[in-house]
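**Student:** In our numbering, the protein residues as written are 92 to 343. The beta-carbon is built from N, C-alpha and C at its ideal position, and this holds for glycine as well. Keep in mind the model is a prediction, meaning the values are calculated, not measured. Take a look at the following structure, please.
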């Protein structure tokens, strides 16, 4: 979404049914949407989310920013653009609270990928004898990694998901945060077709199953679009949309 200058919506885990979806990893798969604007994303969310409830909320006052190790993974260009976006939001009256709350990012990422790989192997191994030639080499590498992950590693990864969710929401409680803000991607879209980009900016939120929106946030000097990632509390997708409407007008 960020690479294309559109709105991306990833719901709380299992908030949108995954029935009929060809799985990658059942513990982390989400059905999300791409739309031209936030209003369009909310229309689709109302239709697809289970038990959607209309809410009204005041403008968010305190916005959490993951600093430290997590933010250091953004590119120099991406980090500079993110800081400029934060400055605009501060000038609009939003209070920004910087927290170095994910210093174990590499461990979280390793558990996430191990669990994803193991679940992908379990699901896809039945098709490999006949269709291996149709799988991308990167997917095959992931499946090969998953074959060697022990059951206790998968269990630890699944438990880690709940623990990270509790950590984020505990920080929101302690610091009075309404939302989390982060870069939607490390930087602008990479050149060429070899890669769809590094997912590290999205990974913690996907691992925790929290709802996120990627909002268009202007462009860098090259003219390529950038996005702002907004995350909320688990199961409170409606609040995420309502609060994000107040942010939208302050973005580039």
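Could you check how far apart the C-beta atoms of residue 188 and residue 155 are, in whole angstroms? I think they sit under 8 Å.
**Tutor:** Going by Cβ atoms, the distance from residue 188 to residue 155 rounds to 5 Å, so yes, they are a contact pair.
**Student:** Could you spell out the range, first to last residue, of the beta strand (DSSP E) harbouring residue 327?
**Tutor:** Careful: residue 327 lies outside any beta strand (DSSP E) and carries neither H nor E.
**Student:** Taking buried to mean at least 16 other C-beta atoms within 10 Å of its own C-beta, is residue 133 buried or exposed?
**Tutor:** With 16 or more Cβ atoms within 10 Å of its Cβ, residue 133 is classed as buried.
**Student:** Helix, strand or coil, according to DSSP, for residue 245 in the structure here?
**Tutor:** Here residue 245 sits in helix by DSSP.
**Student:** Taking the Cβ atom as the reference point for each residue, do residue 122 and residue 307 lie within a distance shorter than 8 Å?
**Tutor:** Not in contact: residue 122 and residue 307 (Cβ atoms no closer than 8 Å).
**Student:** In the DSSP assignment, the alpha helix (DSSP H) including residue 173 goes from what residue to what residue?
**Tutor:** Looking at the DSSP string, the run of the alpha helix (DSSP H) that includes residue 173 is 167 to 182.
**Student:** Helix, strand or coil: how does DSSP classify residue 98 here?
**Tutor:** Residue 98: strand per DSSP, three-state reduction.
**Student:** Taking only three categories from DSSP, how would you classify residue 223?
**Tutor:** Residue 223: helix per DSSP, three-state reduction.
**Student:** What residue range is occupied by the uninterrupted alpha helix (DSSP H) comprising residue 309?
**Tutor:** That residue, residue 309, is in no alpha helix (DSSP H); its beta strand (DSSP E) goes 303 to 310.
**Student:** Just how far apart, CA to CA, sit residue 341 and residue 213?
**Tutor:** Each residue's alpha carbon lies about 45 Å from the other.
**Student:** Between which residues of its own chain and residue 198 is the CB-CB distance below 8 Å, once the five residues before and five after are set aside?
**Tutor:** Result list for residue 198: empty, nothing under 8 Å.
**Student:** Which of helix, strand or coil does DSSP assign to residue 124?
**Tutor:** Strand at residue 124.
**Student:** Can you grab the Cα-Cα spacing for the pair residue 284 / residue 149, in whole Å?
**Tutor:** Taking the straight line from one Cα to the other gives about 42 Å.
**Student:** Let me check understanding here. Comparing Cα to Cα, which of 339, 330 and 272 lies closest to residue 192?
**Tutor:** Per the Cα distances, 272.
**Student:** Quick one: what's got a C-beta closer than 7 Å to residue 303's C-beta in the same chain, skipping five residues either side?
**Tutor:** 101, 296, 320, 321 and 322, listed in sequence order.
**Student:** Leaving out five residues on either side along the sequence, give the residues of the same chain with a beta carbon under 7 Å from the beta carbon of residue 140.
**Tutor:** So the qualifying residues of the chain are 102, 106, 107 and 328.
**Student:** Would you mind sorting residue 316 into buried or exposed? The rule is 16 or more other CB atoms within 10 Å of its CB.
**Tutor:** It is buried - the Cβ of residue 316 has at least 16 other Cβ atoms within 10 Å.
**Student:** Quick one, which of 256, 262 and 286 has its alpha-carbon nearest residue 294's?
**Tutor:** The shortest Cα separation from residue 294 among 256, 262 and 286 belongs to 256.
**Student:** Looking at the structure shown, is residue 250 part of a helix, part of a strand, or coil, going by DSSP?
**Tutor:** In the structure shown, residue 250 sits in a helix (DSSP, three-state: H, G or I).
**Student:** So the beta strand (DSSP E) residue 296 belongs to, where does it begin and stop?
**Tutor:** Where residue 296 is concerned, there is no enclosing beta strand (DSSP E), although the alpha helix (DSSP H) it sits in stretches over 294 to 299.
**Student:** The alpha helix (DSSP H) spanning residue 131 covers which residue range?
**Tutor:** 129 to 139 is the span of the alpha helix (DSSP H), which, as asked, contains residue 131.
**Student:** On the premise that residue 151 lies in contact with residue 334, defined as a C-beta separation below 8 Å, what is that separation, rounded to the nearest angstrom?
**Tutor:** With a Cβ gap of about 4 Å, residue 334 and residue 151 count as contacting.
**Student:** Which residues does DSSP pair with residue 320 in a beta bridge?
**Tutor:** Residue 320 pairs with 273 and 305.
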